[in-house]
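Letter by letter, the sequence shown follows residues 1 to 256 of the UniProt record's numbering.
Ideal placement from N, C-alpha and C gives every residue a C-beta, glycine not left out.
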Amino acid sequence: MKELAVKVEKNEKIAEGIFRLVLRLPEAVPVRCGQFLNLSVGDGAHLLRRPFAVCRSEGEEVTVCYQLKGEGTHILSRAKAGDALSCVLPLGNGFTVGEEQKRVALVGGGVGVFPMLSVLYEYAGKGKQLFSFIGFRNRGAVCCEEEFRSLSDGCMLVTDDGSFGKKGNAVSAFFEKYAEVLPDVILACGPAPMLRALKAGIKEHGISVPCYVSLEERMGCGIGACLVCVCRTQDGKGNRRVCKDGPVFDIDEVEI
Numbered sequence: 001m002k003e004l005a006v007k008v009e010k011n012e013k014i015a016e017g018i019f020r021l022v023l024r025l026p027e028a029v030p031v032r033c034g035q036f037l038n039l040s041v042g043d044g045a046h047l048l049r050r051p052f053a054v055c056r057s058e059g060e061e062v063t064v065c066y067q068l069k070g071e072g073t074h075i076l077s078r079a080k081a082g083d084a085l086s087c088v089l090p091l092g093n094g095f096t097v098g099e100e101q102k103r104v105a106l107v108g109g110g111v112g113v114f115p116m117l118s119v120l121y122e123y124a125g126k127g128k129q130l131f132s133f134i135g136f137r138n139r140g141a142v143c144c145e146e147e148f149r150s151l152s153d154g155c156m157l158v159t160d161d162g163s164f165g166k167k168g169n170a171v172s173a174f175f176e177k178y179a180e181v182l183p184d185v186i187l188a189c190g191p192a193p194m195l196r197a198l199k200a201g202i203k204e205h206g207i208s209v210p211c212y213v214s215l216e217e218r219m220g221c222g223i224g225a226c227l228v229c230v231c232r233t234q235d236g237k238g239n240r241r242v243c244k245d246g247p248v249f250d251i252d253e254v255e256i
């Protein structure tokens, strides 16, 4: 984990309310898929950095995608090439695909599609078969389509209203194709209702392969000190800090 002064390389709108931000680091920092960074928004009045999943890390260049939500992200959307920001990275524990896990199913919805993109960039072309099930709200929210299709061995993009691709969500798409894919491991990220539906479906279908989920929670410090992002363990006997112990957990480890 390092705190670095970074430069904005590119900050562009890629879908309705979605921006892609490319940062230039002063040095290469290894980042695993599923890890995140904490980024200043370029305004001294907003002291807390914002957490963003890393979509791609290549040498001294790091890419994140973000959704306009509050004042902080709206300020960030106005950052221009050459602007100086500050970030801390890498943070959290990301996804790991075991050597024996050759067939990987990726289930992503909403802003949860971006950690899935990081998995594709890390494992594509490395002896894995990657199957992506990606859900968006509507046609206007669809982004990174070319990357998902080109990096995946199989890709199904769906929308809630059917305005792009098939009508449905990432979870329904996954279970529709499960018998064809037969994954060795399932990796997922998305809003809590989506992950709960995935967990229920896994139980209903009697699926026994490992499933790991990246949780979306509001964060403060990003290093486990402030306890803003605590979640309960499934057995009810303890807590986990999403930023420090996660954000990736076994789906049966924590309450969703």
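Based on the DSSP secondary-structure assignment, which residues constitute the bridge partners of residue i?
i	result
Ala5	Ser86
Met156	Phe133
Phe36	Ala53, Leu91
Phe19	Lys13, Tyr66
Thr233	Val254
Asn239	Arg232
Val105	For clarity, residue 105 is Ala in the given sequence; the question names Val instead. In the DSSP output, where bridge partners are listed per residue, Ala105 has Phe131, Ile186.
Ser214	Cys189, Val248
Arg24	Lys7, Glu61
Let me know if residue i comes out buried or exposed under the rule of 16 or more other beta-carbons within 10 Å of its beta-carbon.
i	result
Asp153	exposed
Glu71	exposed
Arg232	exposed
Ala79	buried
Arg149	exposed
Glu27	exposed
Asp250	exposed
Arg20	buried
Arg50	buried
Met1	exposed
Glu255	exposed
Asp235	exposed
Ala225	exposed
Pro30	exposed
On the premise that residue j lies in contact with residue i, defined as a C-beta separation below 8 Å, what is that separation, rounded to the nearest angstrom?
i	j	result
Ala81	Glu9	6 Å
Val6	Arg24	6 Å
Gly220	Leu48	6 Å
Can we say the segment 157-176 touches the segment 100-109, given the rule of at least three CB pairs closer than 8 Å? yes
Ranges of the beta strand (DSSP E) found wholly within the segment 144-197, counting only runs of at least 3: 154-159, 185-189
Spell out a yes or no on whether the segment 134-154 and the segment 13-21 are touching, meaning 3 or more CB-CB pairs, one atom from each, closer than 8 Å. Taking 8 Å as the limit for Cβ pairs, the verdict is that the segment 13-21 does touch the segment 134-154.
Is it true that the segment 47-60 meets the segment 112-124, where meeting means three or more beta-carbon pairs spaced less than 8 Å apart? Because the criterion of three Cβ pairs below 8 Å is met, the segment 47-60 and the segment 112-124 touch.
Counting Cβ pairs, one atom from each stretch, are 3 or more of them under 8 Å apart for the segment 184-197 and the segment 145-162? no
Hey, is the segment 205-219 in contact with the segment 177-189, meaning 3+ C-beta pairs nearer than 8 Å? yes
Counting Cβ pairs closer than 8 Å, one from the segment 124-135 and one from the segment 211-220, do we hit at least three? no
Do the segment 88-105 and the segment 31-40 touch if we need at least three Cβ pairs shorter than 8 Å? Counting C-beta pairs with one atom in each stretch, the segment 88-105 and the segment 31-40 have three or more that are closer than 8 Å, which means they touch.
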